[in-house]
Structure formats: structure tokens, C-alpha cells
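Numbering (our numbering), first residue to last: 14 to 320.
Here a beta-carbon is modelled for each residue, glycine too, at the ideal position from N, C-alpha and C.
Every value quoted in this text rests on a predicted model; they were computed, and no experiment measured them.
Take a look at the structure set out below.
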Amino acid sequence: MIELIIDDKKVSVEDGTTILAAAKKIGINIPNMCYDKRLRPYGGCRLCVVEQEGNPRLLASCSTPAAPGMVIKTDTPKLKKARQTVLELLLIHHPLDCPICDKAGECDLQDIAYEYGKPEGRFIRHRKEMPPDVRGPLVELTANRCILCGKCVRICSEHQGRGALGFIGRGFPTVVQPAFGEILECDYCGQCIDICPTGALLSKPMKFQARAWFLEEKDTICPFCGCGCTLTIGTREGKILRSRAKEDNGRSEGNLCGRGRFGIDYIYSENRLKTPLIRKDGELVPATWDEALTYASDSLKAVMAAR
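Below, the structure is given as C-alpha cells:
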């Protein structure tokens, strides 16, 4: 075990643990935009920088392994200034459309901007002006809001194993798109939507349905197959508007298939059976649950008696 000090608190972690993970272990939050524990360390956004005693350089806590005897500071004037500068650079191209963005209320960029943002920016540059990129009925990509953190690209490749998204272009015009600008050919698991820290990737069926703070979330079991994946459904006024899987919640561990992610609205189909049916005189007729269970029990007993 390795012992280090973070913000005057001692913590012991296993060899190879990053500074960010060590801080999380003792309840210290370090802002970040490109980190996810399911993905390999990336160190792209530089918002998670920390100070190490005796080291003049700022360290990216998401990719720097903890070392014995480290003394780390996560909240100093120097760090605040560095994070403000990084945030300024991220917001150069970002549109000011929080009032109409579906991610508002659960947007990491919005939360960090509220904590570290400044009322005026020092950098002047034209924002990206690109229309929403709809390459299918389920996922909408808005490049204007993308900060190129790469989380969607990496989770699709490293975790889902599909590699359906990638970086297209170089420099300021870089965008995240399917390879060669083709249609999105993937599993439609929705991992990219859930992991996106901004409103760049959104669920098209959920768009403009309800704000995040209006949703009441409850955990349930996916009704499709026998795997028993845990769904976190968002409801408003009793109607299910979205389903997703939360990390470390249930046996699915944050993973869903396309049906569990986007097909939950089948429960409102007019063709769905809403009451038991019993065959009488060659026709299926509605019955109560007690009648159906009694009918099934009697039929099974008759089969067993005939053997």
C-alpha cells in the first residue's frame, strides 16, 4: 500500500492508483472533464491539475500515479487560476445555449463553469457554427457543443468494443463523427450519450421532453430478456421518458443494450398485452389474474396426470 497526503488528509491506496482516485477515496472532489474510471487515463482536459509539494509543475491527477510520501494540494489560488484559464479555452467555441440544451441541469461543463468561470473571457474567436448532425433515429450529435474530451470515442472503443466514433480533422475544425462521415453503425447502447459531459450527444427520442430537474428517477429491472439488467428510468407525471444504466448500479454495471436503452417505450404500445388471456372455445378472452393462474395450474396438473 502507498501512503500519501491530500489536502492535509492521509490516505492509503494500492500501487498504481492515480491521485484523482485517491482523492475520491477520501471524499475530495477534483474537477475533471475527460476522466472515467472505466477508461484508460487520458489527461486531455487539464482541469484536474493538482499541486505537489516540492514540484513546480502542475500534475494531471487523472493520469499521475500516487507515490509514497506525496503531499498534494487540490485547491489553491494557483490551481484556481489554471482551471479558469482551461475553462476559458473550452468555452471559446462553446455556444451559450444552456436555456435550450437538454443537458442543462446535469451538464458537467455547466457545473464547472458555475464554480470556476469568469464573467468575461480574454480570448476572441469565432464559435463553431455547425447544424445538428443526425445520423440515425436515436442519437443526435451537435458539434457546436463538443469540447473534444474524447470520452465518447474512448468508451465506444475501449468499453463497448465498437469504435463507431472517431476524431475527424485536425486543429480547431476537429469534430467527432462516425468514420468517413458515414451513418452511425453501432449497438445503440447509449454509452456515448451518458458519458458526454456536455450536450454534444443527446438522445433524440428524449429531446425537448423534459428538463433534468423535472425527472423523478427510479431503479427497476429491464423487462425485455432474462439478463435482469438494472434500469434507471426517468419519469415525469407518471410517464417514462428515458431509461439508462448508472455505473455501479445493479448487475449490468452501467451497460445496456439498444432495447433497454431506447426501447422502453414499448410499454405504451397499443399491441401490448395488459391483462391475462384464456383460450375459450378457440378464442382468447380477457381474464383476471386469479382466473389465469388457476387455469394454468389446472392445465399443468392435467398434463402431469396424463403422463
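Looking at the strands, I want to know which residues DSSP matches up with residue i.
| i | result |
| --- | --- |
| residue 178 | 191 |
| residue 65 | 85 |
| residue 78 | 31 |
| residue 298 | 291 |
| residue 38 | Looking at the DSSP assignment, residue 38 forms no beta bridge with any residue, so it has no partner. |
| residue 154 | 146, 214 |
| residue 23 | 18 |
| residue 116 | None, per the DSSP bridge assignment. |
Please classify residue i as buried or exposed, where buried requires at least 16 neighbouring CB atoms within 10 angstroms.
| i | result |
| --- | --- |
| residue 315 | exposed |
| residue 92 | buried |
| residue 183 | exposed |
| residue 231 | exposed |
| residue 240 | exposed |
| residue 268 | buried |
| residue 64 | buried |
| residue 297 | exposed |
| residue 275 | buried |
Hey, out of the options, whose CA is closest to residue i's CA?
| i | options | result |
| --- | --- | --- |
| residue 104 | 18, 160, 171 | 160 |
| residue 67 | 82, 209, 217 | 82 |
| residue 202 | 34, 151, 61, 181 | 151 |
| residue 251 | 229, 233, 272 | 229 |
| residue 76 | 189, 277, 53, 94 | 53 |
| residue 134 | 270, 118, 106, 158 | 106 |
| residue 149 | 74, 193, 217, 87 | 217 |
| residue 110 | 94, 129, 142 | 142 |
| residue 291 | 282, 280, 303, 145 | 303 |
| residue 282 | 306, 301, 253 | 253 |
| residue 272 | 313, 198, 181, 236 | 236 |
| residue 146 | 188, 98, 50 | 188 |
| residue 260 | 49, 15, 25 | 49 |
| residue 198 | 215, 181, 175 | 175 |
Using a threshold of 8 Å, state whether the C-beta atoms of residue i and residue j are closer than that.
| i | j | result |
| --- | --- | --- |
| residue 356 | residue 178 | This structure cannot settle anything about residue 356, because the visible part of the chain is limited to 14 through 320. |
| residue 122 | residue 219 | no |
| residue 32 | residue 113 | no |
| residue 204 | residue 242 | no |
| residue 126 | residue 213 | no |
| residue 211 | residue 116 | yes |
| residue 255 | residue 263 | no |
| residue 173 | residue 200 | yes |
| residue 44 | residue 61 | yes |
| residue 95 | residue 71 | yes |
| residue 209 | residue 165 | yes |
| said: If we require 4 or more residues per run, which alpha helix (DSSP H) segments fall completely within the region 196 to 244? | reply: For secondary structure counted as the alpha helix (DSSP H) over 4 or more consecutive residues, the region 196 to 244 holds these complete runs in sequence order: 204 to 208.
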